[in-house]
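Asker:
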Amino acid sequence: MTSTTTETAGAIGSTSEVELLIGGMTCASCAARVEKKLNRMDGVSATVNYATEKAKVSYAEGVLIADLIATVVKTGYTAEEPAPPEPEPEAEADGTAEHDPELAALRHRLLVSVLLAAPVVLLAMIPALQFDNWQWLSLTLAAPVVVWGGLPFHRAAWTNARHGAATMDTLVSVGTLAAFGWSLWALFFGDAGMTGMHDEFRFTVSRMDGASTIYLEVAAGVVALILLGRYLEARSKRRAGAALKALMKLGAKDVAVLRDGREVRVPVASLAVGDRFVVRPGEKVATDGTVVQGVSAVDASMLTGESVPVDVGPGDRVTGATVNAGGRLVVEATRVGTDTQLARMARLVEDAQNGKAEVQRLADRISAVFVPVVILIALATFGVWLAATGDTSAAFTAAVAVLIIACPCALGLATPTALMVGTGRGAQLGILIKGPEVLESTRRVDTVVLDKTGTVTTGRMTLQAVHVADGEDEKELLRLAGALEHASEHPVARAIAAGAEKRTGRLPAVEHFENVPGRGVRGRVEGREVAVGRLYDALPEELARAGRQAEQEGRTAVTVGWDGRARGVLAVADAVKETSAEAVRELRALGLTPVLLTGDNRTVAAAVAKTVGIDEVISEVLPEEKVDVVRRLQREGRAVAMVGDGVNDAAALATADLGLAMGTGTDAAIEAGDLTLVRGDLRVAADAIRLSRRTLATIKGNLVWAFGYNVAALPLAAAGLLNPMIAGAAMAFSSVFVVTNSLRLRRFR
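Each residue of the sequence shown is one higher than the last, beginning at 9 in my numbering.
1) What number of angstroms, rounded off, separates the C-alpha of Glu519 from the C-alpha of Glu537?
2) Quick check on Leu123: buried or exposed, where buried means 16 or more other Cβ atoms within 10 Å of its Cβ?
3) For Ser304 versus Ala333, is the C-beta distance shorter than 8 Å?
4) Using a Cβ-Cβ cut-off of 8 Å (strictly less than) and excluding sequence neighbours within five positions of Leu114, which residues of its own chain qualify?
5) If Arg754 and Arg433 are in contact, beta carbons under 8 Å, what's the gap, nearest whole angstrom?
6) Alpha carbon to alpha carbon, how far is Leu131 from Ala200?
7) Quickly, what does DSSP pair Ser66 with across the bridge? List them, please.
8) Can you look up Asp695 in the DSSP assignment and give me helix, strand or coil?
9) Can at least three beta-carbon pairs, one atom from the region 552-572 and one from the region 479-492, be found at a separation below 8 Å?
10) Alpha carbon to alpha carbon, how far is Gly328 from Gly269? Give it in angstroms, no decimals.
11) Hey, how far is the Cα of Ala99 from the Cα of Arg267?
12) If you draw a straight line from the C-alpha of Arg699 to the C-alpha of Glu590, how long is it?
13) State the start and end residues of the unbroken alpha helix (DSSP H) segment that holds Asn141.
14) Between the Cα of Leu76 and the Cα atoms of Val500, Val629 and Ala54, which residue gives the shortest distance?
15) Which residue wins for smallest C-alpha separation from Leu384, given the options Asp459, Val182 and Ala294?
16) Return the chain-ordered ranges of every alpha helix (DSSP H) run that is complete within the region 160-214 and spans a minimum of 4 residues.
17) Relative to the C-alpha of Gly528, which residue among Ala495, Thr167, Glu550 and Tyr67 is closest?
18) Indicate whether Pro7 and Glu497 have their beta-carbon atoms separated by less than 8 Å.
19) Quick check on Leu668: does DSSP put it in helix, strand or coil?
20) Mind checking whether Ala660 and Val638 have CB atoms under 8 Å apart?
21) Taking only runs that begin and end inside the region 558-621, name each unbroken beta strand (DSSP E) of 3 or more residues, in chain order.
22) What's the C-alpha gap between Leu605 and Val474?
23) From Ala396 to Gly645, what does the alpha carbon distance come to, in whole angstroms?
24) For the region 490-563, list the beta strand (DSSP E) runs that are entirely contained and at least 3 residues long, ordered along the chain.
25) Considering Ser449, what are the terminal residues of the alpha helix (DSSP H) in which it resides?
26) If contacts are defined as beta-carbon pairs under 8 Å, then Val379 and Leu179 qualify, I think. What distance do you get, rounded to the angstrom?
27) Since Leu404 is in the alpha helix (DSSP H), which residue starts that stretch and which ends it?
28) Assign Pro90 to buried or exposed, taking buried as 16 or more other Cβ atoms, counted over all protein chains shown, within 10 Å of its Cβ.
29) Would you grab the beta carbon distance between Lys585 and Thr466 for me? Rounded to a whole angstrom, and I think it's under 8 Å.
30) Does the region 62-75 come into contact with the region 21-32, if we say contact requires no fewer than three beta-carbon pairs (one atom in each stretch) closer than 8 Å?
31) Between the Cα of Gly479 and those of Ala546, Glu550 and Leu427, spot the shortest distance and give me the residue it belongs to.
32) For Glu340, which residues of its own chain have a beta-carbon under 6 Å away from its beta-carbon, when the five flanking residues on both sides are left out?
33) Among Arg163, Leu145 and Gly599, whose alpha-carbon lies nearest the alpha-carbon of Thr450?
34) Would you kindly check if the distance between the Cβ of Ala554 and the Cβ of Leu540 is under 8 Å?
35) Should Leu630 go down as buried or exposed, given a rule of 16 or more other Cβ atoms within 10 Å for buried?
Following this line, the structure appears as structure tokens:
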């Protein structure tokens with residue numbers, strides 16, 4: 009991975025960023041330890057994410073990546089820079105266990121452990137199955153489970169112990185080895201190995217003869233259950249990150265480039281800006297570009313969630329990874345490699361998944377001290393039980409239950425898994441969430457400021473209405489006006505020409521074209537002297553009335569005539585998007601007050617606001633004044649979300665409590681926004697806020713469960729109300745519950 013360098017204003021030197029893959033982490037406290045060690049280095053700022061198993065590190069000049077890796081290794085884990093992505097065979101793109109060596113190895117260890125542990129648990133729980141010398145069969149079956157099945161826990165615990173640390177693995181390893189060691193002592197040196205010995209399974213701790221009691225079902229059962237929990241957790245984590253993997257695999261693998269008029273098939277990576285390439289029906293567009301030849305419909309549903317294909321032709325922009333659903337296109341590449349929209353989307357999603365919300369930082373701080381505290385509680389539990397009952401066996405059982413049930417896995421998974429699923433699902437729907445802190449903002453906002461041009465409206469002038477004088481033919485009026493305006497570059501002229509061509513077909517040629525500054529254009533079309541604009545001083549009453557009506561509705565009225573007489577009036581306006589009114593209703597349903605913000609005059613602004621159902625309008629605002637409007641609303645005590653798409657919106661997007669940038673807009677606006685809406689549909693703004701709020705609610709629900717579970721379970725275990733094996737099952741499935749709860753976000757619509 010290439011590190012990026014950023015100059016910091018006012019700082020000496022520069023900082024660089026690198027992403028490291030961290031291996032060997034098994035719980036949140038592992039991530040907290042690695043993060044703590046990295047942050048102790050001079051000039052280093054790091055965040056480590058347990059769910060994604062990555063560290064995002066900013067480091068000052070003079071710090072080497074090798075130093076960062078060495079620090080992680082000294083802490084007891086592995087670290088490396090991610091390898092460049094390589095094309096994967098289609099058959100392996102599903103990411104299932106069969107093609108994931110780490111997951112496959114964990115599944116193999118789990119299956120063997122479960123097959124061996126099941127008879128041990130059954131023999132201990134059902135006295136009727138306890139034949140003579142059954143305990144020795146249990147030992148034979150349990151030993152491989154504890155030693156080989158639990159090897160990952162023991163190895164990690166030993167590594168941590170050498171570095172003076174304790175993690176979840178420490179709790180599991182100490183608990184299971186203690187149970188196994190007690191059983192060995194009772195079998196070889198106590199009465200438990202005698203022929204005819206019977207044992208009775210208990211859900212709670214009770215007084216018993218320690219010399220004749222074995223805990224083989226606890227040792228083997230806990231290892232098997234925690235392996236099961238870890239396997240389900242690993243599978244779920246991979247499913248949680250599946251959306252990002254799918255996004256990164258959307259792009260085409262090769263492309264037909266035009267070289268000297270011939271098509272040459274080359275890898276997409278070799279494309280350069282300016283190259284022209286062919287996209288046949290059914291093929292993916294190789295990279296972002298502009299159509300130079302051909303007409304087709306492009307399906308962008310995989311990238312934006314928009315189900316209806318978009319018609320494109322010469323001059324239209326197309327995005328890499330979208331699918332050509334119609335005719336043959338020739339496209340000129342405008343962005344390649346890491347600059348494409350797909351690559352930027354993937355980068356935004358990955359950055360968001362690697363970030364940490366404030367609530368997660370609290371969970372990390374708790375996890376860092378939780379394990380040592382639990383070990384102290386276990387020792388205290390042993391001492392209190394021994395002092396109160398004098399029963400070593402009962403004291404030991406309660407202490408082991410405390411060790412096993414208190415693993416803080418669920419705490420470490422609560423936030424990152426919900427973030428992974430939420431941001432991944434957002435990417436599938438064309439919503440890019442820049443970071444976890446954005447989620448907190450979506451909960452607070454109560455006002456949404458909507459920029460008019462390009463957000464509520466299309467941003468393009470279009471022909472809205474045609475009014476003809478009595479006795480005139482509408483089609484002829486459009487043909488002549490469209491032909492004349494086709495020779496002009498003015499936005500209003502282009503709108504009239506496009507509207508006329510769409511309604512009448514091919515436009516005739518123009519002779520003696522002349523532009524009259526501030527008044528309009530004139531020329532000869534099919535032998536007639538045609539004029540379009542404000543070149544007529546006197547209009548028939550019906551045309552004058554139509555012109556006044558158009559201007560009252562915020563439209564531009566253009567007069568058309570020929571041979572010295574006005575024949576009609578055309579109404580042109582920046583058309584309101586078909587979905588804007590529905591979007592405003594959805595935003596209101598979320599408890600937000602919409603405000604329309606525009607530089608247009610009051611008449612135009614009021615007409616647009618009335619069309620979409622907005623009551624509060626702020627018009628005639630200069631681009632640099634948009635920030636002042638946002639600040640004024642904030643001073644009034646409002647939490648402001650801003651939706652915009654232009655360069656002139658960038659500062660306001662950055663100033664707002666929540667900035668939503670339309671992905672169809674400029675790069676400056678997209679960079680300034682907290683949320684990027686890939687589609688130009690304002691309804692996605694409401695979807696983005698709903699998804700963000702749902703993700704935040706899931707995170708908080710996960711944390712409430714994780715904290716509540718540990719707070720409730722520890723006293724129960726210490727009080728002797730939980731058998732260690734039941735404690736192991738509860739601990740394993742608390743993590744599974746948290747991940748499964750996060751996966752519900754995949755069903756967000």
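C-beta: ideal position from N, C-alpha, C; glycine also.
Answerer: Per the coordinate set shown:
1) Cα-Cα distance, rounded: 9 Å.
2) Label assigned to Leu123: exposed.
3) Taking the C-beta atoms as reference points, Ala333 is found nearer than 8 Å to Ser304.
4) Contacts found: Leu235, Arg238, Tyr239 and Ala242.
5) Going by Cβ atoms, the distance from Arg754 to Arg433 rounds to 6 Å, so yes, they are a contact pair.
6) Going from the Cα of Leu131 to the Cα of Ala200 covers about 14 Å.
7) Residue pairing by DSSP places Ser66 opposite Glu25 and Ser53 in a beta bridge.
8) Three-state result, Asp695: helix.
9) The count of Cβ pairs closer than 8 Å, one atom from the region 552-572 and one from the region 479-492, reaches three, so the stretches are in contact.
10) Separation of Gly269 and Gly328 (C-alpha to C-alpha, rounded to the nearest whole angstrom) is 23 Å.
11) Reliability of the predicted coordinates at Ala99 is poor, the pLDDT of 39 falling under 50, and the value obtained from them is presented with this limitation in mind. Using only the alpha carbons, I get a separation of about 32 Å.
12) The residue asked about is misnamed: residue 699 is Leu in this sequence, not Arg. The alpha-carbon atoms of Leu699 and Glu590 are separated by roughly 18 Å.
13) Careful: Asn141 lies outside any alpha helix (DSSP H) and carries neither H nor E.
14) Closest in alpha carbon position to Leu76, among Val500, Val629 and Ala54, is Ala54.
15) Distance from the Cα of Leu384 is smallest, within the candidate group Asp459, Val182 and Ala294, for Val182.
16) Within the region 160-214, the complete alpha helix (DSSP H) runs of at least 4 residues are 176-197.
17) Cα-wise, what sits closest to Gly528 is Ala495.
18) Here the chain covers residues 9 to 757 and nothing more, so residue 7 does not appear.
19) Collapsing the DSSP output to three states places Leu668 in a strand.
20) Taking 8 Å as the cut-off, the beta carbon of Ala660 is found closer than this to the beta carbon of Val638.
21) Whole beta strand (DSSP E) segments, 3+ residues: 564-570, 573-584 and 601-605.
22) For Leu605 and Val474, the gap between their C-alpha atoms comes out near 29 Å.
23) Roughly 59 Å separates the two Cα atoms.
24) Here the runs fully enclosed are 519-524, 528-533 and 536-541.
25) Note, Ser449: alpha helix (DSSP H), Glu445 to Arg452.
26) The Cβ separation is near 6 Å, so the contact holds.
27) Correcting the residue type first, residue 404 is Phe in the shown sequence and not Leu. Here the alpha helix (DSSP H) through Phe404 covers Thr400 to Ile413.
28) Exposed.
29) Indeed, because the Cβ distance is near 6 Å, the residues count as touching under 8 Å.
30) With a cut-off of 8 Å, the region 21-32 and the region 62-75 count as touching, because enough Cβ pairs lie within range.
31) That would be Glu550, whose Cα lies nearest to the Cα of Gly479.
32) Within its own chain, the residues whose Cβ lies closer than 6 Å to the Cβ of Glu340, once the five positions on either side in sequence are excluded, are Arg284, Gly297, Thr298 and Val300, listed in chain order.
33) Selection Arg163, Leu145 and Gly599 evaluated against Thr450 yields Gly599 as nearest (Cα-Cα).
34) One detail in the question is off: residue 540 reads as Val in this sequence, not Leu. Not closer than 8 Å, so no.
35) It counts as exposed.
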